[in-house]
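Q: Structure provided below as structure tokens; questions to follow.
2 protein chains.
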Amino acid sequence: MTVPTTAPAEANTDSLIARFVEIVGDKAVLATPEAMASHMVEPRGLFHGRARAVVKPATTEETAAVVAACHAAGVPVVPQGGNTGLVGGNVPFEHGGEVVISTARMRRIRHLDPVNLTVTVEAGVILADLQAEAEAADCLFPVSLAAEGSCQIGGNIASNAGGTGVLRYGNTREQVLGLEVVLPDGRIWNGLRRLGKDNAGYALRHLFIGSEGTLGLVTAATLRLYPKPVATATAFCGLSSLDNVTALLRHARAWSGDGVTAFEFMPRFGIEITCRHMPGCADPLEAPWPWYVLIELSSARPGAGDAGGVRDDLEGLLGEAFERGLVDDAVLAESLDQRDALWRLRESMSEAQGFEGGSIKHDVSLPVSDIPAFIARANQAVTEAMPGLRPCPFGHLGDGNVHYNLTQPEGMDKAAYLDQWDAMNRIVHDIVTEMDGSIAAEHGVGRIKVGELARLKSPVELDMMRAVKRAIDPDGRFNPGKVLP
Amino acid sequence: MTVPTTAPAEANTDSLIARFVEIVGDKAVLATPEAMASHMVEPRGLFHGRARAVVKPATTEETAAVVAACHAAGVPVVPQGGNTGLVGGNVPFEHGGEVVISTARMRRIRHLDPVNLTVTVEAGVILADLQAEAEAADCLFPVSLAAEGSCQIGGNIASNAGGTGVLRYGNTREQVLGLEVVLPDGRIWNGLRRLGKDNAGYALRHLFIGSEGTLGLVTAATLRLYPKPVATATAFCGLSSLDNVTALLRHARAWSGDGVTAFEFMPRFGIEITCRHMPGCADPLEAPWPWYVLIELSSARPGAGDAGGVRDDLEGLLGEAFERGLVDDAVLAESLDQRDALWRLRESMSEAQGFEGGSIKHDVSLPVSDIPAFIARANQAVTEAMPGLRPCPFGHLGDGNVHYNLTQPEGMDKAAYLDQWDAMNRIVHDIVTEMDGSIAAEHGVGRIKVGELARLKSPVELDMMRAVKRAIDPDGRFNPGKVLP
Numbered sequence: 001m002t003v004p005t006t007a008p009a010e011a012n013t014d015s016l017i018a019r020f021v022e023i024v025g026d027k028a029v030l031a032t033p034e035a036m037a038s039h040m041v042e043p044r045g046l047f048h049g050r051a052r053a054v055v056k057p058a059t060t061e062e063t064a065a066v067v068a069a070c071h072a073a074g075v076p077v078v079p080q081g082g083n084t085g086l087v088g089g090n091v092p093f094e095h096g097g098e099v100v101i102s103t104a105r106m107r108r109i110r111h112l113d114p115v116n117l118t119v120t121v122e123a124g125v126i127l128a129d130l131q132a133e134a135e136a137a138d139c140l141f142p143v144s145l146a147a148e149g150s151c152q153i154g155g156n157i158a159s160n161a162g163g164t165g166v167l168r169y170g171n172t173r174e175q176v177l178g179l180e181v182v183l184p185d186g187r188i189w190n191g192l193r194r195l196g197k198d199n200a201g202y203a204l205r206h207l208f209i210g211s212e213g214t215l216g217l218v219t220a221a222t223l224r225l226y227p228k229p230v231a232t233a234t235a236f237c238g239l240s241s242l243d244n245v246t247a248l249l250r251h252a253r254a255w256s257g258d259g260v261t262a263f264e265f266m267p268r269f270g271i272e273i274t275c276r277h278m279p280g281c282a283d284p285l286e287a288p289w290p291w292y293v294l295i296e297l298s299s300a301r302p303g304a305g306d307a308g309g310v311r312d313d314l315e316g317l318l319g320e321a322f323e324r325g326l327v328d329d330a331v332l333a334e335s336l337d338q339r340d341a342l343w344r345l346r347e348s349m350s351e352a353q354g355f356e357g358g359s360i361k362h363d364v365s366l367p368v369s370d371i372p373a374f375i376a377r378a379n380q381a382v383t384e385a386m387p388g389l390r391p392c393p394f395g396h397l398g399d400g401n402v403h404y405n406l407t408q409p410e411g412m413d414k415a416a417y418l419d420q421w422d423a424m425n426r427i428v429h430d431i432v433t434e435m436d437g438s439i440a441a442e443h444g445v446g447r448i449k450v451g452e453l454a455r456l457k458s459p460v461e462l463d464m465m466r467a468v469k470r471a472i473d474p475d476g477r478f479n480p481g482k483v484l485p
Numbered sequence: 001m002t003v004p005t006t007a008p009a010e011a012n013t014d015s016l017i018a019r020f021v022e023i024v025g026d027k028a029v030l031a032t033p034e035a036m037a038s039h040m041v042e043p044r045g046l047f048h049g050r051a052r053a054v055v056k057p058a059t060t061e062e063t064a065a066v067v068a069a070c071h072a073a074g075v076p077v078v079p080q081g082g083n084t085g086l087v088g089g090n091v092p093f094e095h096g097g098e099v100v101i102s103t104a105r106m107r108r109i110r111h112l113d114p115v116n117l118t119v120t121v122e123a124g125v126i127l128a129d130l131q132a133e134a135e136a137a138d139c140l141f142p143v144s145l146a147a148e149g150s151c152q153i154g155g156n157i158a159s160n161a162g163g164t165g166v167l168r169y170g171n172t173r174e175q176v177l178g179l180e181v182v183l184p185d186g187r188i189w190n191g192l193r194r195l196g197k198d199n200a201g202y203a204l205r206h207l208f209i210g211s212e213g214t215l216g217l218v219t220a221a222t223l224r225l226y227p228k229p230v231a232t233a234t235a236f237c238g239l240s241s242l243d244n245v246t247a248l249l250r251h252a253r254a255w256s257g258d259g260v261t262a263f264e265f266m267p268r269f270g271i272e273i274t275c276r277h278m279p280g281c282a283d284p285l286e287a288p289w290p291w292y293v294l295i296e297l298s299s300a301r302p303g304a305g306d307a308g309g310v311r312d313d314l315e316g317l318l319g320e321a322f323e324r325g326l327v328d329d330a331v332l333a334e335s336l337d338q339r340d341a342l343w344r345l346r347e348s349m350s351e352a353q354g355f356e357g358g359s360i361k362h363d364v365s366l367p368v369s370d371i372p373a374f375i376a377r378a379n380q381a382v383t384e385a386m387p388g389l390r391p392c393p394f395g396h397l398g399d400g401n402v403h404y405n406l407t408q409p410e411g412m413d414k415a416a417y418l419d420q421w422d423a424m425n426r427i428v429h430d431i432v433t434e435m436d437g438s439i440a441a442e443h444g445v446g447r448i449k450v451g452e453l454a455r456l457k458s459p460v461e462l463d464m465m466r467a468v469k470r471a472i473d474p475d476g477r478f479n480p481g482k483v484l485p
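For the record, the sequence lines run as chains A and B. Residue numbering for the first sequence follows UniProt numbering, starting at 1 and increasing by one per position. Residue numbering for the second sequence follows UniProt numbering, starting at 1 and increasing by one per position.
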């Protein structure tokens, strides 16, 4: 975790707040510590920031005016969506000199076009609401993740959110056709295109996607929709080895003609603590297995719910996997409730770790076939560094994405354990970097990985990132100290 | 077409060439007009450039040294791949002050990984060779276009090439996981990642993809592969109206569960001139129809070639399309030869126009459902401006991409007709812009659309593009005068 940036040159907070009230009205400007409290902490409680104010514009024009006022006053801005990010990119620093601009009131779905399969939404739309609107129009918006009930699409775009639909549909980046952005000087860029092909100039939208609010504030986006799947089949499998886990993925993709829509893996330790601590979670298999896979096939093909459809595909591919010795036990969901119960095991695994003491987190990616070797190397390195440490690697194996989380040794002091965060990160990130992986797969860099990014990226790449930052935000006013040191 | 940039400040060509020879050897430096000739003209013959030299480095390091030498001498660089681009981005200006760097000798496939479905290739690999290597490993590289026998993957990336596989697999952009780039100052950026998820910093690769060599020279790339389809079904249909064409697309996507892999449309005029002028081309339908569609389904699902597979799907969806009155006649390919013959009609349509005199080209995109209205408006506007003009709109309807080409009136002087290029462009591009389309869908901006881009893009977006250009190429030495004025 990096040192907070120092407070910016003194600006008059009172006059700035008066200007905000002029623009958005007094109900949309929060300026007391109590009113701002929920905007100052992030989900893991690692940071507790302060700010001059939290401003909640209702429109793009209001946002532009608020940003212009900050720009004129030389005050830095922290864009904030649903505040569910896990790397501290979404909260201000402790020095209190920043202004938080929340997108929470920009919640209009401007235009849903089921014929061309596009939707234009404002930044503050809750992801689950967007999914529901798409479904009501017989379409699918495929980004899906644990925080979908409270995260906002603007934050999903700023962080290029991953989740469980990436294997089939890609990251949030791949869903974005166009953006509307307020730039750091308060100008509005209307790049809301809804075209499958557009080579008229540089692909500027890709600069903002995944830049974590350091280049501008996304106010709206045009996104891709897909035909709604008509059938889904889900299974939960027990496996003896990680090599069998990666082999099962290859087998399933080949068998189904690339029809696998989710492929999540979990270790025995993760299932144990999830069933121990999380209500409604139970191991559906009789015997324990070293590794588990949640696999799902789905299809938008009419008839995919009938004989010869995805359910038969899943049974067929698991049957052959048994014969080949890849899978040792498996259960298929027979109802929507059973499917939800299987997914709950996976979705509750992060929270369950909190009941076992401190957890040091990593969100890394590698080529899929290198994951068994990575986990073996990393497990050895971290348990040598701290005997008794309990690794809990799980996540989106189909995307090569491992949440390599480390639960503290039993009985150790939690604070003393968490003091080792940076040291553990260095051990794991060095292995990831040697193996050509990424130290920030889907959660981003934010504040928590700024130092590691600077340590591990090539000087050429850091130079290019700084050049881009200077080009779009020459005064360094947008989310300073995040992503780039 | 824009005014050529003026020649750069005088640099000593002889000493520069001597330095190139030191780096790449004398056989890889072309410096006479005769030796350079094929690198100075582009496929449509619109421009005839000159250059100090054409240099053909064999490695990334040689490329970096050549670029560094140009940088030191203050000499601008034009990157060139297979030289098949259609917008003049790939050839030098007439002033002769530039150096062309050809990627033709960088032809290694460094690493093909069928397990993780990735391939790392050098920029000079011919697209068809890459397709063949992928197929030999039971994989698919899905970018496919008319020039695939001679275009190079580096050029495909620099231009974000489209083609006929976009509907199912996306543009070239969507295939790129990582890049290796020589920057304008001669430094090498190694961004060759092969990860499905990577949020560690800005997505710099997307800056270079589609930037047409104005920000750096791509020397290698890591690309996605896909499971090879096991079965393909192709049909050629006659339709009475453009509205039926877009309705057939919607129907086919729904019926097949998004299994349509190609959906190309052509007008009667295009089929007439193709059958008249191109050897081996014949209309497969008995009666003439106002519009034609080439539709293809394919699947990597084992058994997709058997009963209940893609062939049955195509027959079923066409059967229902007949009943609904969307399709008036259709023929299914019964063999690979028949499939090739149907595709030849589509692939030869550009060349056929050359036999009818001058052709003024547009490469535009719109939301699919707006295409009938666009073509009606544009046809009316251009034939009012020039009675007797023969519009030939065709292309990738599934992507919303129309090659809106205008064949000259019969009997008109070709040169006099082509003098109207800019005037016709303005008429068509104004309509496209009003309808929120793109004036450069898949061919790019190059030299030919620089003026139109500057005329039609918002000042904010042009400012951002210029800021990015200055950030990465501060001296403006890479392909100056292309994309940006």
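For each residue, glycine too, the CB sits at the ideal point set by N, CA and C. Fair warning: this is a prediction, and the values are worked out from it, not measured in the lab.
Name the one or two DSSP bridge partners that residue 266 of chain A has.
A: Translated into positions along the first sequence, residue 266 of chain A becomes position 266. The partner list for residue 266 of chain A (beta bridge, DSSP) reads A/292.
Q: List the residues of chain B whose Cβ lies closer than 9 angstroms to the Cβ of residue 301 of chain A, in chain order.
A: Within the first sequence, numbered from 1, the residue matching residue 301 of chain A stands at position 301. In chain order: 255, 256, 257, 258, 259 and 313.
Q: Can you list the residues of chain A that residue 206 of chain B reaches, using a CB-CB cut of under 8 angstroms?
A: Translated into the one-based positions of the second sequence, residue 206 of chain B becomes position 206. Going along chain A in sequence order, the residues near residue 206 of chain B (Cβ under 8 angstroms) are 203, 206 and 207.
Q: Distance cutoff 9 angstroms, beta carbons only. Does residue 243 of chain A sit that close to anything in chain B?
A: In the first sequence, the residue the question calls residue 243 of chain A occupies position 243. With 9 angstroms as the cut-off, residue 243 of chain A does not count as an interface residue toward chain B.
Q: Taking just the CA atoms, how far does residue 190 of chain A sit from residue 2 of chain A?
A: In the first sequence, the residue the question calls residue 2 of chain A occupies position 2. In the first sequence, the residue the question calls residue 190 of chain A occupies position 190. Since pLDDT at residue 2 of chain A reaches only 41, below the 50 mark, its modelled position is unreliable, and no value is offered.
Q: Identify whether residue 244 of chain B lies in helix, strand or coil by the three-state DSSP scheme.
A: Stepping through the second sequence from its first residue, residue 244 of chain B is reached at position 244. Helix.
Q: Please state whether DSSP places residue 2 of chain A in a helix, a strand or coil.
A: Start at 1 with the first residue of the first sequence, and residue 2 of chain A comes out as number 2. Here residue 2 of chain A scores only 41 on pLDDT, less than 50, and its place in the model should not be relied on; the value that follows carries that caveat. Judged by DSSP in its simplified three-state form, residue 2 of chain A adopts coil rather than helix or strand.
Q: Residue 426 of chain B and residue 410 of chain B: beta carbons closer than 9 angstroms?
A: Residue numbering aside, residue 426 of chain B sits at position 426 when the second sequence is read from its first letter. Residue numbering aside, residue 410 of chain B sits at position 410 when the second sequence is read from its first letter. Not in contact: residue 426 of chain B and residue 410 of chain B (Cβ atoms no closer than 9 angstroms).
Q: How long is the line joining the alpha carbons of residue 298 of chain A and residue 242 of chain B, rounded to whole angstroms?
A: Here residue 298 of chain A refers to the residue found at position 298 of the first sequence. Here residue 242 of chain B refers to the residue found at position 242 of the second sequence. Each residue's Cα considered, the two are about 33 angstroms apart.
Q: Can you say whether residue 449 of chain B is buried or exposed, counting buried as having 16 or more other CB atoms within 10 angstroms of its CB?
A: Residue numbering aside, residue 449 of chain B sits at position 449 when the second sequence is read from its first letter. Burial call: buried.
Q: Exposed or buried, residue 303 of chain A, counting other C-beta atoms within 10 Å across all chains shown (16 or more means buried)?
A: Sequence index remark: in the first sequence, residue 303 of chain A carries index 303 (1-based). Exposed, since its Cβ has fewer than 16 Cβ neighbours within 10 Å.
Q: Cβ of residue 336 of chain A less than 9 angstroms from any chain B Cβ?
A: Translated into positions along the first sequence, residue 336 of chain A becomes position 336. With 9 angstroms as the cut-off, residue 336 of chain A does not count as an interface residue toward chain B.
Q: Helix, strand or coil: which one does DSSP assign to residue 376 of chain B?
A: The sequence position of residue 376 of chain B within the second sequence is 376, counting from 1. Of the three classes helix, strand and coil, the one that applies to residue 376 of chain B here is helix, per DSSP.
Q: Could you check whether the Cβ of residue 368 of chain A sits closer than 9 angstroms to any Cβ belonging to chain B?
A: Counted from its first residue, the first sequence places residue 368 of chain A at position 368. So yes, residue 368 of chain A belongs to the interface.
Q: Output, in chain order, the set of chain B residues within a Cβ distance shorter than 7 angstroms of residue 42 of chain A.
A: To locate residue 42 of chain A, count along the first sequence from 1; it is residue 42. In chain order: nothing, as chain B lies at least about 17 angstroms away.
Q: For residue 492 of chain B, count the other beta carbons within 10 Å of its own beta carbon; 16 or more makes it buried, fewer makes it exposed. Which is it?
A: Any property of residue 492 of chain B remains undetermined from this structure, which presents chain B solely from 1 to 485.
Q: Check each residue of the stretch 439–454 of chain A: if its Cβ is closer than 8 angstroms to any Cβ of chain B, include it; give the result in chain order.
A: Result list: 439, 440, 441, 442, 443, 444, 445, 449 and 453.
Q: So, does the stretch 224–244 of chain A touch the stretch 284–296 of chain A, judging by three or more C-beta pairs under 8 angstroms?
A: yes
Q: Give me whichever residues DSSP pairs with residue 139 of chain A in a beta bridge.
A: Looking up residue 139 of chain A in the first sequence gives position 139. BP columns for residue 139 of chain A point to A/227.
Q: Within a Cβ cutoff of 7 angstroms, which residues of the same chain sit near residue 383 of chain A, ignoring the five residues on either side of it in sequence?
A: Mapped onto the first sequence, residue 383 of chain A falls at position 383. Cβ within range, chain order: 389.
Q: Going by beta-carbon coordinates alone, are residue 127 of chain B and residue 119 of chain B separated by less than 9 angstroms?
A: Translated into positions along the second sequence, residue 127 of chain B becomes position 127. Translated into positions along the second sequence, residue 119 of chain B becomes position 119. In this structure, residue 119 of chain B does not lie closer than 9 angstroms to residue 127 of chain B by Cβ.
Q: Counting along the chain, where does the beta strand (DSSP E) carrying residue 394 of chain B start and finish?
A: Along the second sequence, read from residue 1 onward, the residue named residue 394 of chain B stands at position 394. Note, residue 394 of chain B: beta strand (DSSP E), 390–396.
Q: In the DSSP assignment, the beta strand (DSSP E) including residue 119 of chain A goes from what residue to what residue?
A: The sequence position of residue 119 of chain A within the first sequence is 119, counting from 1. Run containing residue 119 of chain A: 118–122, per the beta strand (DSSP E) assignment.
Q: Does residue 167 of chain B come within less than 9 angstroms of chain A when only Cβ atoms are used?
A: For the purposes of this step, residue 167 of chain B is taken as residue 167 along the second sequence, with counting starting at 1. Yes - at least one Cβ of chain A is within 9 angstroms of the one on residue 167 of chain B.
Q: Using a threshold of 9 angstroms, state whether the C-beta atoms of residue 217 of chain B and residue 101 of chain B are closer than that.
A: Counting from 1 along the second sequence, the entry for residue 217 of chain B is found at position 217. Counting from 1 along the second sequence, the entry for residue 101 of chain B is found at position 101. Taking a C-beta distance under 9 angstroms as the contact criterion, residue 217 of chain B and residue 101 of chain B qualify as a contact pair.
Q: If the cut-off is 9 angstroms on Cβ atoms, which residues from the stretch 214–239 of chain B count as contacting chain A, listed in chain order?
A: 214, 215, 226, 227, 229 and 230
Q: For the beta strand (DSSP E) holding residue 407 of chain A, just list the boundary residues, first then last.
A: As a working note, residue 407 of chain A is residue 407 in the first sequence. Membership of residue 407 of chain A in the beta strand (DSSP E) is indicated by the continuous run 401–407.
Q: For residue 36 of chain A, go through chain B and note every residue whose CB falls closer than 9 angstroms to its CB, in chain order.
A: Taking the first residue of the first sequence as position 1, residue 36 of chain A is located at position 36. Those do not exist, as residue 36 of chain A stays about 28 angstroms from chain B at its closest Cβ, beyond 9 angstroms.
Q: Return the CA-CA distance between residue 371 of chain A and residue 111 of chain B, expressed in angstroms with no decimal places.
A: Taking the first sequence and counting its residues from 1, the one referred to as residue 371 of chain A is at position 371. Taking the second sequence and counting its residues from 1, the one referred to as residue 111 of chain B is at position 111. Cα to Cα, the separation comes out at about 19 angstroms.
Q: Any residues in the stretch 386–409 of chain B with a beta carbon nearer than 9 angstroms to a beta carbon of chain A? Which ones, in chain order?
A: 396, 398, 399, 400 and 401
Q: Can you tell which of B/350, B/400, B/135 and B/424 has the C-alpha that lies nearest to the C-alpha of residue 379 of chain B?
A: For the purposes of this step, residue 379 of chain B is taken as the residue at position 379 of the second sequence. That would be B/424, whose Cα lies nearest to the Cα of residue 379 of chain B.
Q: For residue 465 of chain A, return the contacting residues in chain B, with the cut-off set at a CB-CB distance below 9 angstroms.
A: In the first sequence, residue 465 of chain A corresponds to position 465, counting from 1. Chain B residues near residue 465 of chain A: 201, 202 and 204.
Q: Name the one or two DSSP bridge partners that residue 54 of chain A has.
A: Within the first sequence, numbered from 1, the residue matching residue 54 of chain A stands at position 54. Residue 54 of chain A is bridged to A/30 and A/100.
Q: I'd like to know whether the C-beta of residue 457 of chain A is nearer than 9 angstroms to at least one C-beta of chain B.
A: Walking along the first sequence from the start, residue 457 of chain A turns up at place 457. Yes, residue 457 of chain A counts as interfacial toward chain B.
Q: Listed from N- to C-terminal order along the chain, which residues in the stretch 102–129 of chain A have their beta-carbon within a distance smaller than 8 angstroms of any beta-carbon of chain B?
A: Going along the stretch 102–129 of chain A in chain order, one finds 113, 115, 116 and 118 with a Cβ nearer than 8 angstroms to chain B.
Q: Just confirm the distance between the C-beta atoms of residue 73 of chain A and residue 103 of chain A, as a whole number of angstroms; I'd bet it's less than 8 angstroms.
A: Within the first sequence, numbered from 1, the residue matching residue 73 of chain A stands at position 73. Within the first sequence, numbered from 1, the residue matching residue 103 of chain A stands at position 103. So it is not a contact: roughly 21 angstroms between Cβ atoms.
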